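Engineer: No gaps in the numbering here: position 329 of the sequence shown is 329 in full-length UniProt numbering, and each next residue is one more.
Please see the structure below; I have some questions.
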Amino acid sequence: MAYYRSQGAIPPKRHTQHRTPEGGLYYEELMGEEGFSSDSSLLYHRGIPSAISDAQVWELGDSLDTAPNHPLVPRHLKLHDLFGDDDKDVDVVTGRRLVLGNGDVRISYVVADKVSPWYRNGIGDECVYIERGNAHVQTVFGAFDLRQGDYLIIPRATTHRWLPVVEGDEGYIEPLRAYAIEGNSHIAPPKRYLSRYGQLLEHAPYCERDLRGPAGPLLAEDIGADRGEATEVYIKHRGSGPQSSGGIVGTVYTYPHHPLDVVGWDGCLYPYAFNVEDYMPITGKVHQPPPVHQVFEGYNFVVCNFVPRKVDYHELSIPVPYYHSNVDSDEIMFYVDGDYEARKGSGIGKGSISVHPGGHAHGPQPGAYEKSVGVHYFDELAVMVDTFRPLELGEAGRAVDDGKYAWTWVGGKP
Numbered sequence: 001m002a003y004y005r006s007q008g009a010i011p012p013k014r015h016t017q018h019r020t021p022e023g024g025l026y027y028e029e030l031m032g033e034e035g036f037s038s039d040s041s042l043l044y045h046r047g048i049p050s051a052i053s054d055a056q057v058w059e060l061g062d063s064l065d066t067a068p069n070h071p072l073v074p075r076h077l078k079l080h081d082l083f084g085d086d087d088k089d090v091d092v093v094t095g096r097r098l099v100l101g102n103g104d105v106r107i108s109y110v111v112a113d114k115v116s117p118w119y120r121n122g123i124g125d126e127c128v129y130i131e132r133g134n135a136h137v138q139t140v141f142g143a144f145d146l147r148q149g150d151y152l153i154i155p156r157a158t159t160h161r162w163l164p165v166v167e168g169d170e171g172y173i174e175p176l177r178a179y180a181i182e183g184n185s186h187i188a189p190p191k192r193y194l195s196r197y198g199q200l201l202e203h204a205p206y207c208e209r210d211l212r213g214p215a216g217p218l219l220a221e222d223i224g225a226d227r228g229e230a231t232e233v234y235i236k237h238r239g240s241g242p243q244s245s246g247g248i249v250g251t252v253y254t255y256p257h258h259p260l261d262v263v264g265w266d267g268c269l270y271p272y273a274f275n276v277e278d279y280m281p282i283t284g285k286v287h288q289p290p291p292v293h294q295v296f297e298g299y300n301f302v303v304c305n306f307v308p309r310k311v312d313y314h315e316l317s318i319p320v321p322y323y324h325s326n327v328d329s330d331e332i333m334f335y336v337d338g339d340y341e342a343r344k345g346s347g348i349g350k351g352s353i354s355v356h357p358g359g360h361a362h363g364p365q366p367g368a369y370e371k372s373v374g375v376h377y378f379d380e381l382a383v384m385v386d387t388f389r390p391l392e393l394g395e396a397g398r399a400v401d402d403g404k405y406a407w408t409w410v411g412g413k414p
């Protein structure tokens, strides 16, 4: 979105000489969207951004393979069963496991305690939600300190790495639990929240004050690294991979210098963080539809928050959702915290995902509809992704499907 920032050393005029203290030139890189026709930033490097000394295949194997949701049923996926106490030395990049995916978006989950390799997604933007734990993220734009409830939006082709914070004042603390939404497009605030020039409008549930940019510039020596150190960067990109994985392949570049070499940058394209506590929910006299909970959007998918809030105040209101058919979309709800009224009795709890596919009418569990009458406040926190093409089940989704959820509206499978 068009929200200008500037950090570090940049020249007064773009595309002009920017000299190092020794008299040489910094190397200007334009990082831009839509072929010079949309948001961009200019980064000034100490080393040549194009210089690589090696390239090897990053074997993704069958980790991105998916299987259709057929026969078509709603599903309950128990994400907290994916990683156990013995799963150590897992990082956010290579350790994430694919839960659901299609040609527009992939949803993965990881419980990480290890520093990731340097990484760049060359396919689309990433939106990573921190379910639990803390992390330090280093990028070529600068660094972030992330905590529970943070979203981090990472533009396509941003080189970065994840450092989970697993040591506290009293020793080992809980590992980082991250929910990764990888688009094949850019991810941004909904257009209806923005002015024609890109400012968040008065009716938006958050504003620019709530967005945290990177702290920087961040250079190799700032993290105790040698600026001339050859460094590997893992890259996801389009290729001739199997159709089941969306044609996604991986490459590992070796750069002859450390990737943290940007002395300054400016523009409107950069990573930013946003905490769900800063989202101001929109409520109404009767039940409001899911678009009022929207926080981000990509091509053919949207991301919504369901946060603790006062609910419908009409004297005859029914606060839980009415039954609805997803004619055009699959609805994926990740239950993070609280007590989700509409799903009581289904087995769904913290760490669960419900999959309500297009073509299936769904709504509250038996009894929840009547029990919600007179309720004035919902203490719930969930992240929803709605897609406009069918989602298929990834390896992780197939592994933790409870096999029972589809029959909970009739009290169990006959």
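Using N, Cα and C, we set each Cβ at its ideal position, and we do this for glycine too.
All values derive from a computational prediction rather than experimental measurement.
If the criterion is Cβ atoms closer than 9 Å, does the pair residue 337 and residue 350 meet it?
Structural biologist: A contact, by the Cβ cut-off of 9 Å.
Engineer: Let me check one thing: in DSSP terms, what residues is residue 386 bridge-paired to?
Structural biologist: According to DSSP, which records beta bridges pairwise, residue 386 is partnered with 302 and 331.
Engineer: With 16 as the cutoff for other CB atoms within 10 Å, does residue 403 come out buried or exposed?
Structural biologist: Exposed, because fewer than 16 other Cβ atoms sit within 10 Å of the Cβ of residue 403.
Engineer: So, is residue 88 buried or exposed, given that buried needs 16 or more other C-beta atoms within 10 angstroms?
Structural biologist: Its Cβ having fewer than 16 others within 10 Å, residue 88 is exposed.
Engineer: When we look at the beta-carbon of residue 327 and count the other beta-carbons within 10 Å, is it buried (16 or more) or exposed?
Structural biologist: Per the 10 Å Cβ criterion, exposed.
Engineer: Tell me which residues share the same chain as residue 208 and place their Cβ nearer than 8 Å to its Cβ, disregarding the 5 neighbours each side in the sequence.
Structural biologist: 3, 199 and 200.
Engineer: If the criterion is Cβ atoms closer than 9 Å, does the pair residue 67 and residue 393 meet it?
Structural biologist: Yes, Cβ-Cβ distance for residue 67 and residue 393 is below 9 Å.
Engineer: Can you list, in chain order, the residues of its chain with a C-beta nearer than 6 Å to that of residue 225? Leave out the 5 residues immediately preceding and following it.
Structural biologist: Counting only Cβ-Cβ distances below 6 Å, and skipping sequence neighbours, we find 258.
Engineer: Using the beta-carbon count (16 or more within 10 Å), is residue 51 buried or exposed?
Structural biologist: So residue 51 counts as exposed.
Engineer: Around the C-beta of residue 274, are 16 or more other C-beta atoms found within 10 angstroms, so that it is buried, or is it exposed?
Structural biologist: Buried, because 16 or more other Cβ atoms sit within 10 Å of the Cβ of residue 274.
Engineer: Taking 8 Å as the threshold, find out whether the region 109-125 comes into contact with the region 79-96 through three or more Cβ pairs.
Structural biologist: The region 109-125 vs the region 79-96: in contact.
Engineer: Please classify residue 12 as buried or exposed, where buried requires at least 16 other C-beta atoms within 10 Å of its C-beta.
Structural biologist: Exposed.
Engineer: Taking only three categories from DSSP, how would you classify residue 324?
Structural biologist: Reduced to three states, the DSSP call for residue 324 is strand.
Engineer: Report the rounded CA-to-CA distance for residue 450 versus residue 307, giving the unit in angstroms.
Structural biologist: Residue 450 is absent from the model: the chain starts at 1 and stops at 414.
Engineer: Comparing alpha-carbon positions, which option in 290, 378 and 234 lies nearest residue 54?
Structural biologist: Nearest option by C-alpha distance: 234.
Engineer: Per DSSP, what kind of secondary structure is residue 225 in: helix, strand or coil?
Structural biologist: The answer is coil: DSSP assigns residue 225 none of H, G, I, E or B.
Engineer: Taking Cβ to Cβ, would you say residue 302 is nearer than 9 Å to residue 190?
Structural biologist: In this structure, residue 190 lies closer than 9 Å to residue 302 by Cβ.
Engineer: Between the region 282-300 and the region 32-44, do three or more beta carbon pairs fall short of 8 Å?
Structural biologist: As far as the Cβ criterion goes, the region 282-300 does not touch the region 32-44, which means the pair count is below three.
Engineer: Within 8 Å: the Cβ of residue 348 and any heavy atom of the ligand ADP?
Structural biologist: As far as ligands go, the structure on display features none, and thus does not contain the ligand ADP.
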